[in-house]
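Data first, discussion second: the structure below is written as structure tokens.
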Amino acid sequence: MRRLSLPLGFAFLAVFSVAEPPARPVTAAQVNRQMATGFNLGNTFDLGLHSTAPADVKPLIDLYVAAGMRHVRIPVTWGEPIKGSLLADRTGKLNPNNPRFRQLGTVVDYALSKGLYVIVNAHHEHWLKDHYDGSPTYDRAFADLWTGIAQQFKNRSQKLVFEILNEPEKAFGDWSGPVKPFDPQALSYTRKVNEIGWRAVRQAGGANRTRIVMVGTNGQGNQSMLDELYPTAAILPGGGKDPYLMVTVHTYDPWPFCGQDGSNAKWPGEAAIAKPIRDVAAHARMLGVPVNYGEFGVGREKDQSERDTDLVRGYYRTVRRTAQAEGMSVTPWDDRGWFGLTTRSNDGKYRFLHRIVPSMMKPQ
Numbered sequence: 041m042r043r044l045s046l047p048l049g050f051a052f053l054a055v056f057s058v059a060e061p062p063a064r065p066v067t068a069a070q071v072n073r074q075m076a077t078g079f080n081l082g083n084t085f086d087l088g089l090h091s092t093a094p095a096d097v098k099p100l101i102d103l104y105v106a107a108g109m110r111h112v113r114i115p116v117t118w119g120e121p122i123k124g125s126l127l128a129d130r131t132g133k134l135n136p137n138n139p140r141f142r143q144l145g146t147v148v149d150y151a152l153s154k155g156l157y158v159i160v161n162a163h164h165e166h167w168l169k170d171h172y173d174g175s176p177t178y179d180r181a182f183a184d185l186w187t188g189i190a191q192q193f194k195n196r197s198q199k200l201v202f203e204i205l206n207e208p209e210k211a212f213g214d215w216s217g218p219v220k221p222f223d224p225q226a227l228s229y230t231r232k233v234n235e236i237g238w239r240a241v242r243q244a245g246g247a248n249r250t251r252i253v254m255v256g257t258n259g260q261g262n263q264s265m266l267d268e269l270y271p272t273a274a275i276l277p278g279g280g281k282d283p284y285l286m287v288t289v290h291t292y293d294p295w296p297f298c299g300q301d302g303s304n305a306k307w308p309g310e311a312a313i314a315k316p317i318r319d320v321a322a323h324a325r326m327l328g329v330p331v332n333y334g335e336f337g338v339g340r341e342k343d344q345s346e347r348d349t350d351l352v353r354g355y356y357r358t359v360r361r362t363a364q365a366e367g368m369s370v371t372p373w374d375d376r377g378w379f380g381l382t383t384r385s386n387d388g389k390y391r392f393l394h395r396i397v398p399s400m401m402k403p404q
């Protein structure tokens, strides 16, 4: 593996200051088709359970690239501490000198160098999700956060994609809290923060004017909320007129089968998995906006042997094939834990777990 021997200051400039040659912008619909199938770099820059060192992340990217993946989603938590440090303070001010931020830049650039689309998001932002009240204080902080992120990466090519907020919940509505996803205020708040983040990116200059921006649904990103959150194109960010806008949704439905405490005995059948995906696609066509399935999977906390089955491998194939038949890209969740798709041996080499990915990627 090549290692740079530049002094830290020069390495930082190399990562964050070199502009890529301009290319003709492509629309979100075109990008979505090109993204095809990807993977999540879960529990890493978002939670810190795995190493964020580029030397540890690059071989994992290589494994997925060799399997035919076309994009990587890198969940990033900015305003919550990971191992005692913040990437951004509660006013949204970014700290570009944080070593973890420099590592993120290196990983982003490595993935781009491999020809991947790269999605960077705002992930476990509890400071916002738990307390958002629609006030200017939170609006300014979230706008400033995305302004800072977008400016730091403004010279990256259009293959770098921004996702405004992962799984809006709590104040934005979720299934177990006091504020439900269908609550009018929860829907209004979600639309508002999506618009705030989208606008901040668009105004940040450089390649951000045509950068693909993803916005997600509330109810923890659930696929079922798309038609509730955006019943018409006119209330999408940009009024439905931004050709570089994409929607992202998640599915762990049905939870009694997919959740970490689930059971294979709760398998609902292939048709029950496929129908909601087709419903999302139909509504997206009406809106005129492309859709990415940014997370899906089956987890088991206690009995991983249930995941090493044709039933579970079939679930992943069904989601991927159904979504892609409808023109949507897919990004299965890999946390290298309960929902793990990869594992690392004692010799440091990564391999696919339970043959889920090779099975999922088989041609029809």
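Residue numbering for the sequence shown follows the working numbering, starting at 41 and increasing by one per position.
Just so it is clear, CB atoms sit at the ideal spot from N, CA and C, and this is done for glycine as well.
Bear in mind the structure is a predicted one, so any value in this text is a computation, not a measurement.
Taking C-alpha atoms, which residue in the options lies nearest to residue i?
| i | options | result |
| --- | --- | --- |
| T382 | N248, P99, P218 | P99 |
| N206 | T177, Y333, A247, P139 | Y333 |
| G259 | P218, M368, K199 | P218 |
| V66 | Y229, I313, P283, D350 | P283 |
| K281 | K315, F297, A321, G328 | G328 |
| P139 | S91, G82, V158, D375 | S91 |
Tell me the residue span of the alpha helix (DSSP H) that contains residue i.
| i | result |
| --- | --- |
| N248 | Premise fails: N248 is in no alpha helix (DSSP H) and is neither H nor E. |
| Y104 | 94-106 |
| I122 | No alpha helix (DSSP H) contains I122, which DSSP labels as neither H nor E. |
| V397 | 396-400 |
| E268 | 266-269 |
Look up residue i in the DSSP assignment and say whether it is helix, strand or coil.
| i | result |
| --- | --- |
| S369 | strand |
| F212 | helix |
| N386 | coil |
| Y355 | helix |
| S153 | helix |
| T177 | helix |
| T77 | strand |
| A128 | strand |
| E203 | strand |
| F379 | coil |
Short of 7 Å in beta carbon distance, which residues of its chain neighbour residue i, apart from the five on each side in sequence? Order them along the chain.
| i | result |
| --- | --- |
| R42 | Legend: pLDDT at R42 = 33, less than 50; position of this residue unreliable, value from coordinates given subsequently. None. |
| K232 | G174 |
| W167 | G119, E120, R130 |
| H394 | R347, D348 |
| G246 | K194, N195 |
| F56 | Interpretation of F56 is limited by its pLDDT of 46, a score under 50 that renders its predicted location unreliable; the figure taken from the coordinates is listed afterwards. The residues are G145, Q192. |
Please name the residue or residues paired with residue i in a DSSP beta bridge.
| i | result |
| --- | --- |
| A274 | Paired residue(s): none; A274 is not in a bridge. |
| A410 | What the structure shows of the chain is the stretch from 41 to 404, and residue 410 is not part of that stretch, so it cannot be assessed. |
| V160 | I114, F202 |
| L134 | A128 |
Leaving out the 5 sequence neighbours to the left and right, which residues in its chain are closer than 8 Å to residue i when beta-carbon positions are compared?
| i | result |
| --- | --- |
| G256 | E203, I204, L205, N206, E207, P208, N234, V287, T288, V289, H290, G334 |
| P94 | Q143, T146, V147, Y150 |
| L103 | T382, Y390, R391, F392 |
Give every residue of the same chain whose Cβ lies closer than 6 Å to the Cβ of residue i, excluding the five residues on either side of it in the sequence, and list them in chain order.
| i | result |
| --- | --- |
| P330 | A68, A69, N72, M286 |
| G237 | W186, I204 |
| N248 | A190, K194, V241 |
| V352 | V338 |
| K306 | P296, F297 |
| P61 | Note that P61 scores a pLDDT of 47, beneath 50, so its modelled location is shaky and nothing firm can be said. |
| V105 | K154 |
Starting from residue i, trace the beta strand (DSSP E) in both directions and tell me its first and last residue.
| i | result |
| --- | --- |
| M254 | 253-256 |
| M286 | 285-291 |
| E335 | 331-336 |
Would the C-beta of residue i count as close to the ligand GDP, meaning under 6 Å from any of its heavy atoms?
| i | result |
| --- | --- |
| Y356 | The ligand GDP is not part of the structure shown, which contains no ligands of any sort. |
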